[in-house]
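Colleague: If you read the sequence shown in the numbering used here, its first letter stands for residue 1, the second for the next number, and so on. Note that the Cβ used here is the ideal one computed from N, Cα and C, for glycine as well.
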Amino acid sequence: MEVGQGDPIVFLHGNPTSSYLWRNVVPHLQPFGRCIVPDLIGMGDADKLPDSGPNSYRFVEHRAYLDALLKALDVRESVTLVIHDWGSALGFHWANRHRDAVKGIAFGEAIVKPQGLDHWDRIDMRWVLEALRSDRGEDMVLRDNFFIEKILPGAIIRTLSAEDMEQYRRPFAEPGEGRRPTLSWPRQIPVDGSPAEVVEIVAASADWLSKSDVSQSVLQRSAGRHSR
1 MEVGQGDPIV
11 FLHGNPTSSY
21 LWRNVVPHLQ
31 PFGRCIVPDL
41 IGMGDADKLP
51 DSGPNSYRFV
61 EHRAYLDALL
71 KALDVRESVT
81 LVIHDWGSAL
91 GFHWANRHRD
101 AVKGIAFGEA
111 IVKPQGLDHW
121 DRIDMRWVLE
131 ALRSDRGEDM
141 VLRDNFFIEK
151 ILPGAIIRTL
161 SAEDMEQYRR
171 PFAEPGEGRR
181 PTLSWPRQIP
191 VDGSPAEVVE
201 IVAASADWLS
211 KSDVSQSVLQ
221 RSAGRHSR
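#1: Contact between the segment 187–202 and the segment 138–145 is defined here as three or more beta-carbon pairs at a separation below 8 Å; is this criterion met?
#2: To which residues of the same chain is residue 219 closer than 7 Å at the C-beta, ignoring the five residues directly before and after it?
#3: Determine the burial state of residue 111: buried for a count of at least 16 other Cβ atoms within 10 Å of its Cβ, exposed for fewer.
#4: In terms of residue numbering, what span does the alpha helix (DSSP H) encompassing residue 180 cover?
#5: For residue 15, is the classification buried or exposed, using 16 other Cβ atoms within 10 angstroms of its Cβ as the cut-off for buried?
#6: Under 7 Å Cβ to Cβ from residue 43, same chain only, skipping five residues before and after it: list those, please.
#7: Express the C-alpha separation of residue 13 and residue 55 in angstroms, rounding to a whole number.
#8: Less than 6 Å between C-beta atoms, sequence neighbours within five positions excluded: which residues of the same chain meet that for residue 78?
#9: Ordered along the chain, which non-local residues of its own chain (more than five positions away) have a Cβ less than 6 Å from that of residue 217?
#10: Which residue's Cα is closest to the Cα of residue 209: 130, 88, 159?
#11: For residue 8, does the three-state DSSP call read helix, strand or coil?
#12: Among residues of its own chain, excluding the 5 on either side of residue 133, which ones have a beta-carbon nearer than 8 Å to its beta-carbon?
#13: Could you give the DSSP three-state label for residue 130: helix, strand or coil?
#14: Specify the secondary structure class of residue 141 as computed by DSSP and reduced to three states.
#15: Going by beta-carbon coordinates alone, are residue 58 and residue 184 separated by less than 8 Å?
#16: My output table needs one value for residue 83: the three-state DSSP class, helix, strand or coil.
#17: Check this for me: beta carbons of residue 82 and residue 147, under 8 Å apart or not?
#18: Alpha carbon to alpha carbon, what distance is there between residue 213 and residue 51?
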């Protein structure tokens with residue numbers, strides 16, 4: 001989706017959501033710029049990758065598609081990023097590689113730096129992360145749609161409406177590889193040095209953010225739970 005005119009405002013969602021996440025936000029910002037609201041590859045209304053498998057939908061693959069999209073849309077100066085979850089990691093990385101193009105960043109529930117497993121212990125999610133990164137994760141997600149049916153509704157303050165759930169289920173309605181994006185993302189989370197490439201990227205973004213004078217705003221909610 002693209003609406004409005006002026007300096008670009010790029011919205012990036014995370015896992016397992018889509019551009020639908022921003023439906024109540026974009027109308028408020030449309031008067032202030034050109035709102036660009038993509039779906040990440042394999043999510044929302046974006047195409048699925050052909051012949052996908054365990055090595056598909058990695059961070060670097062999402063990066064390549066996002067880079068190509070923003071280049072095609074001539075997004076190159078006075079850019080504001082509004083980013084959430086994995087969209088934050090992609091957005092921070094894009095900003096770090098296009099420093100002169102960025103006017104500001106607003107982020108929430110962001111992947112700001114690599115973490116250890118102790119972080120996942122503190123939020124009582126270590127078992128989920130370890131299960132998804134094991135062979136068990138294939139059945140949890142590709143068969144049972146774990147992220148959509150369990151993680152998403154369980155992490156939100158309000159009860160999602162039937163319409164909301166339908167919007168989030170729709171891209172992952174069929175069991176199998178169509179659900180691969182929601183499994184690949186947790187396997188890309190930078191934890192205890194793995195995966196090394198993502199750890200390096202996220203750490204570099206964190207270092208830049210800590211030193212940059214670009215405007216940064218943190219979007220906060222009560223109790224650290226989503227309100228999508």
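Modeller: So, to answer that:
#1: no
#2: By one-based count along the sequence shown, residue 219 stands at place 219. In its chain, beyond the 5 residues on either side, 106, 107, 108 have a beta carbon closer than 7 Å to the beta carbon of residue 219.
#3: Here residue 111 refers to the residue found at position 111 of the sequence shown. Looking at its Cβ environment, which holds 16 or more other Cβ atoms inside 10 Å, residue 111 is buried.
#4: What you label residue 180 is simply residue 180 of the sequence shown in a count that begins at 1. Its alpha helix (DSSP H) spans residues 180–188.
#5: The residue labelled residue 15 in the question sits at position 15 within the sequence shown. Result: buried.
#6: Counted from its first residue, the sequence shown places residue 43 at position 43. Here the set comprises 18, 171, 181.
#7: In the sequence shown, the residue the question calls residue 55 occupies position 55. In the sequence shown, the residue the question calls residue 13 occupies position 13. Straight-line Cα distance between these residues: approximately 21 Å.
#8: For the purposes of this step, residue 78 is taken as the residue at position 78 of the sequence shown. Excluding residues within five positions, the ones whose Cβ falls inside 6 Å are 7, 103.
#9: Your numbering for residue 217 matches position 217 in the sequence shown. Closer than 6 Å at the Cβ level, and outside the excluded window around residue 217, lie 106.
#10: Taking the sequence shown and counting its residues from 1, one reaches residue 209 at position 209. That would be 88, whose Cα lies nearest to the Cα of residue 209.
#11: On the sequence shown, position 8 is the one that residue 8 refers to. In the structure shown, residue 8 sits in a strand (DSSP, three-state: E or B).
#12: Indexing the sequence shown from 1 puts residue 133 at position 133. Within the same chain, 186, 187 come within 8 Å of residue 133 by CB-CB distance, once the 5 residues on both sides are set aside.
#13: Start at 1 with the first residue of the sequence shown, and residue 130 comes out as number 130. In the structure shown, residue 130 sits in a helix (DSSP, three-state: H, G or I).
#14: Here residue 141 refers to the residue found at position 141 when the sequence shown is read from its first residue. Three-state result, residue 141: helix.
#15: Taking the sequence shown and counting its residues from 1, the one referred to as residue 58 is at position 58. Taking the sequence shown and counting its residues from 1, the one referred to as residue 184 is at position 184. Against a cut-off of 8 Å, the Cβ pair of residue 184 and residue 58 comes out as a contact.
#16: The sequence position of residue 83 within the sequence shown is 83, counting from 1. Looking at residue 83 - three-state DSSP - the assignment turns out to be strand.
#17: By one-based count along the sequence shown, residue 82 stands at place 82. By one-based count along the sequence shown, residue 147 stands at place 147. For residue 82 and residue 147, no; Cβs fall outside 8 Å.
#18: Taking the first residue of the sequence shown as 1, we reach residue 51 at position 51. Taking the first residue of the sequence shown as 1, we reach residue 213 at position 213. When rounded, the distance between both Cα atoms is 43 Å.
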